[in-house]
Every structure is written in structure tokens, then in C-alpha cells.
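Novice: Note that our numbering has the sequence shown beginning at 1, numbered continuously upward.
Next up is a structure, given as C-alpha cells.
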Amino acid sequence: MNGEFSADYKTDIEERVNEILIKSRIIKKFPLDCFLLVDEIGKEIAIALMPFSWIEEKGMNADDVVNSKDAEAVEFCGRYIIFYNQNMPSVRIAFSIAHEIGHIVLGHDIEHITEYRKKKDSRLKQLYEQSEIEANYFASCLLMPEAIINRLKSFGCRITKEFLQTSFGVSESASEIRIKTLRRNSQRYVSYWTRDKSLDNAVLLKFADFIKKISPRRKSYEEEYRYEEEMQEERNRWLAEGY
Numbered sequence: 001m002n003g004e005f006s007a008d009y010k011t012d013i014e015e016r017v018n019e020i021l022i023k024s025r026i027i028k029k030f031p032l033d034c035f036l037l038v039d040e041i042g043k044e045i046a047i048a049l050m051p052f053s054w055i056e057e058k059g060m061n062a063d064d065v066v067n068s069k070d071a072e073a074v075e076f077c078g079r080y081i082i083f084y085n086q087n088m089p090s091v092r093i094a095f096s097i098a099h100e101i102g103h104i105v106l107g108h109d110i111e112h113i114t115e116y117r118k119k120k121d122s123r124l125k126q127l128y129e130q131s132e133i134e135a136n137y138f139a140s141c142l143l144m145p146e147a148i149i150n151r152l153k154s155f156g157c158r159i160t161k162e163f164l165q166t167s168f169g170v171s172e173s174a175s176e177i178r179i180k181t182l183r184r185n186s187q188r189y190v191s192y193w194t195r196d197k198s199l200d201n202a203v204l205l206k207f208a209d210f211i212k213k214i215s216p217r218r219k220s221y222e223e224e225y226r227y228e229e230e231m232q233e234e235r236n237r238w239l240a241e242g243y
């Protein structure tokens, strides 16, 4: 996003997340492993992960280096370090890291975000708050992709906060917010069927085994045939386009 906020930031973020999921050679199931994803993204963008304990081992106080109790991305000459609190529950660590990945890949102004956290400069408040909203939405989409949730729902899964917690490895609060967001998203589009679903379908194709594994019922022969036919058509299209 190059530091500029889109009027419909949700669509932009959804597409960006889908592209990451599709292109990843490491992420093949959920819960998503943010540590592996950072390693992979780090081949294109210089990103490293460091626990707060690493700061202490260097003889420094973590509170003097980072301005968050959860995680924070810090930029040094075009290189990024995501510091995270290793003492948090694993689900919170995952969301916090995904949130910081969002800041980086969405092109947020890391320096200004850090400056606001330190000084609470009112001139940076709007930029900071919008950046946080976008990074939170990015993390939710990455850890709980809408296309997969919609497919699971169509296969008979009850999309409750408990289901999201178990299937996607997220916290109770993250699952509650995601459910509310998905309800709003369903109202945001005039119709699901008028959307460009090519990226959604590619995500469904890639994670088809995961979807089948946790679906509560087997599809009928007709449903199975139709589903496989749709996926094969999508596979052929992506191969033709060089993906």
C-alpha cells in the first residue's frame, strides 16, 4: 500500500493475503506457522524474528528497545526485526507476529508508528490508528482466511468462536472479532457471486486437503464431482497463466 490508505482497504488486504497464501511453498495447512512464514518472506524482504529475551541477553532492557508488551517491528536501514514477547500464549504470539508482518508487507511507515508509540505525538495519531486497524485486519485474514471459512460453512461446519480457535489456532478474542467482521463483510458486497473469486478459488484449491480433513460430513458424489471439476478448471487456468 506504500503508506497510502485505500478507501476500501479491506479488499486490498484480502487480495494481498490471498497472494501470500497462494505463493507460499511452506504454508500448506492451518494453524498457520508465522515463524516459517517470516523465514519465507525474509527471502524477499529482510525480516528477522527475535524474542524479547534476546534483548535481555545483550544486556539491554526490553522496555528501552520496544514500545509494546506483545510485539513490535523495528526498521534499520531497510531491514526489519520483529521483536516478540516469548512469554505470551502461543496463539497471542502468532497473532502479534502476523500483525507486525502486516505493517511491513502493507508498506506502513514503521518509523512513524514507532515514534507515535514512544511520544504519543498527536500529529501521528490518525496514521497510527489506521495502520493498526489495517494490520489487525491483515492478521485476521492471514490466520483465518475468509474463503476457507466460507467453504467450511458450505460443507456443514458451524462457524463458532470455538471452531475457529480449534481449527485455526487463534485466541478467543481474535475468533470473536473475526466472526463479527465476516458478518459485516457479507453485507459489504452486493453479492458474493459478483466478486472476482479467482484468488479465493486458488486458495481453496491449495488448501483443499485441509478443508476436507475438518469438514463434518462427506460431500455427495455430485457435490464431490462438481467441486473437483471447479478446482481442476481453476488449476488449469493458473497453470496457463504461469503460476
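Idealized CB from N, CA, C, for every residue including glycine.
DSSP state of residue 26, grouped into three classes?
Specialist: Here the question's residue 26 lines up with position 26 in the sequence shown. Three-state DSSP puts residue 26 in coil, outside helix and strand.
Novice: Is DSSP giving residue 158 helix, strand or coil here?
Specialist: Working through the sequence shown from its first residue, we reach residue 158 at position 158. Here residue 158 sits in coil by DSSP.
Novice: Please give me, in chain order, every unbroken run of the alpha helix (DSSP H) with length at least 4 that falls completely inside the region 119 to 170.
Specialist: The region 119 to 170 contains these whole alpha helix (DSSP H) runs: 125 to 143, 146 to 154 and 161 to 168.
Novice: Let me make sure I understand the geometry here. Which of 175, 156 and 120 has the alpha-carbon closest to that of residue 145?
Specialist: Taking the first residue of the sequence shown as 1, we reach residue 145 at position 145. Cα-wise, what sits closest to residue 145 is 175.
Novice: Assuming residue 211 contacts residue 151 (C-beta within less than 8 Å), just tell me the rounded distance between them.
Specialist: Within the sequence shown, numbered from 1, the residue matching residue 211 stands at position 211. Within the sequence shown, numbered from 1, the residue matching residue 151 stands at position 151. 6 Å between Cβ atoms; contact.
Novice: Taking residue 168 as the reference, give the member of 140, 155 and 181 with the closest Cα.
Specialist: Here residue 168 is taken as the residue at index 168 of the sequence shown, counted from 1. Nearest of 140, 155 and 181 to residue 168, Cα basis: 140.
Novice: Which value, in whole angstroms, describes the spacing of the CA atoms of residue 16 and residue 159?
Specialist: Mapped onto the sequence shown, residue 16 falls at position 16. Mapped onto the sequence shown, residue 159 falls at position 159. Their backbone Cα atoms lie some 24 Å apart in a straight line.
Novice: Consult DSSP for residue 45 and reduce its assignment to one of helix, strand or coil.
Specialist: In the sequence shown, counting from the first residue as 1, residue 45 sits at position 45. Of the three classes helix, strand and coil, the one that applies to residue 45 here is coil, per DSSP.
Novice: Any idea if residue 206 is buried or exposed, counting beta-carbon neighbours within 10 angstroms, 16 or more meaning buried?
Specialist: Taking the sequence shown and counting its residues from 1, the one referred to as residue 206 is at position 206. The residue is buried, with at least 16 neighbouring Cβ atoms inside 10 Å.
Novice: Can you check which of these residues, 76, 40 and 85, is closest to residue 62 by C-alpha distance?
Specialist: On the sequence shown, position 62 is the one that residue 62 refers to. Nearest C-alpha to residue 62: 85.
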